[in-house]
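See below for the structure under consideration.
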Amino acid sequence: MSAGHLAVIDMQRVFADPASPWATPRYADAAAGVHALLPAFAGRVTFTRFLAPREPAGAWRAYYEQYPFARRPPDAELWALTDEFAGLADHVLDTATFGKWTPGLAARTGPAGRLVLAGVSTDCCVLSTALAAADAGAEVLVVADACAGVDDDSHLKALQIMELYRPLVRVTTIADLLAEAGP
């Protein structure tokens with residue numbers, strides 16, 4: 010198996026803080042899963058951060074009317090990677106979109122490469138990234154136990170939806186992915 014490139018989606022304070030309107034209840038579980046994956050992808054990891062745009066356009070205006078707390082500049086503390094990842098993130102990709110499949114991530118993954126996804130939230134940014142990358146021709150693996158959703162039901166539903174895209178998108182586990190990679 011080709012190990013591929015690991016994209017760690019949005020492991021940020023805004024999703025980790027239980028007081029945040031965007032809190033992901035099982036953030037700590039996803040973080041533990043990400044930590045388990047990192048050694049196998051040394052030098053092939055991109056951390057992403059979701060940021061509010063300076064001036065929302067189109068439907069994003071209505072979105073940020075619902076979430077005015079998020080209208081903060083890119084250096085606001087809520088957008089920072091959580092402390093456990095800040096020192097580990099050699100490459101960080103910032104986007105103002107749910108999907109992280111950008112030209113920058115595509116270049117790091119390589120043509121027709123393998124993209125391994127972990128992070129939050131399964132039912133939003135992970136899902137949006139997986140489908141866009143698959144459409145572009147990347148082989149996408151979503152590591153279920155290194156992701157977390159806005160709740161358990163949404164997490165499971167998103168995994169089920171992504172599994173429908175097989176063989177373009179495949180849902181896997183940490184143990185299966187690491188076993189497939191071999192020693």
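Numbering-wise (my numbering), the sequence shown opens with residue 10 and increments by one.
C-beta: ideal position from N, C-alpha, C; glycine also.
Small disclaimer: the values here were computed from a predicted structure and weren't measured.
For residue i, which three-state DSSP category applies?
i: L165; result: helix
i: G42; result: helix
i: R123; result: strand
i: G67; result: coil
i: P27; result: coil
i: F59; result: strand
i: T138; result: helix
i: R179; result: strand
i: L90; result: strand
i: T106; result: coil
Residue range of the beta strand (DSSP E) that residue i falls in?
i: H14; result: H14 to I18
i: E148; result: E148 to A157
i: D160; result: No beta strand (DSSP E) contains D160, which DSSP labels as neither H nor E.
Taking 8 Å as the threshold (C-beta atoms), are residue j and residue i in contact?
i: A16; j: L124; result: yes
i: W88; j: Q21; result: yes
i: G108; j: D19; result: no
i: R58; j: V101; result: yes
i: A61; j: A98; result: no
i: V159; j: E172; result: no
i: E93; j: A40; result: yes
Check the C-beta distance from residue i over to residue j and give it rounded, since I have them as a contact under 8 Å.
i: T131; j: W110; result: That pair is no contact at about 16 Å.
i: L150; j: L114; result: L150 to L114, Cβ: 15 Å. No contact.
i: D103; j: P83; result: 7 Å
i: F46; j: A155; result: The residue you asked about is not Phe; residue 46 is Leu in the sequence shown. About 6 Å separates the two Cβ atoms, so the contact holds.
i: A157; j: T33; result: 5 Å
i: T91; j: A25; result: 5 Å
i: I183; j: L136; result: That pair is no contact at about 19 Å.
If I follow the unbroken alpha helix (DSSP H) through residue i, where does it start and stop?
i: E189; result: I183 to A190
i: R117; result: P112 to T118
Validate contact between the segment 75–85 and the segment 115–122 using beta carbons, cut 8 Å, 3 pairs | no
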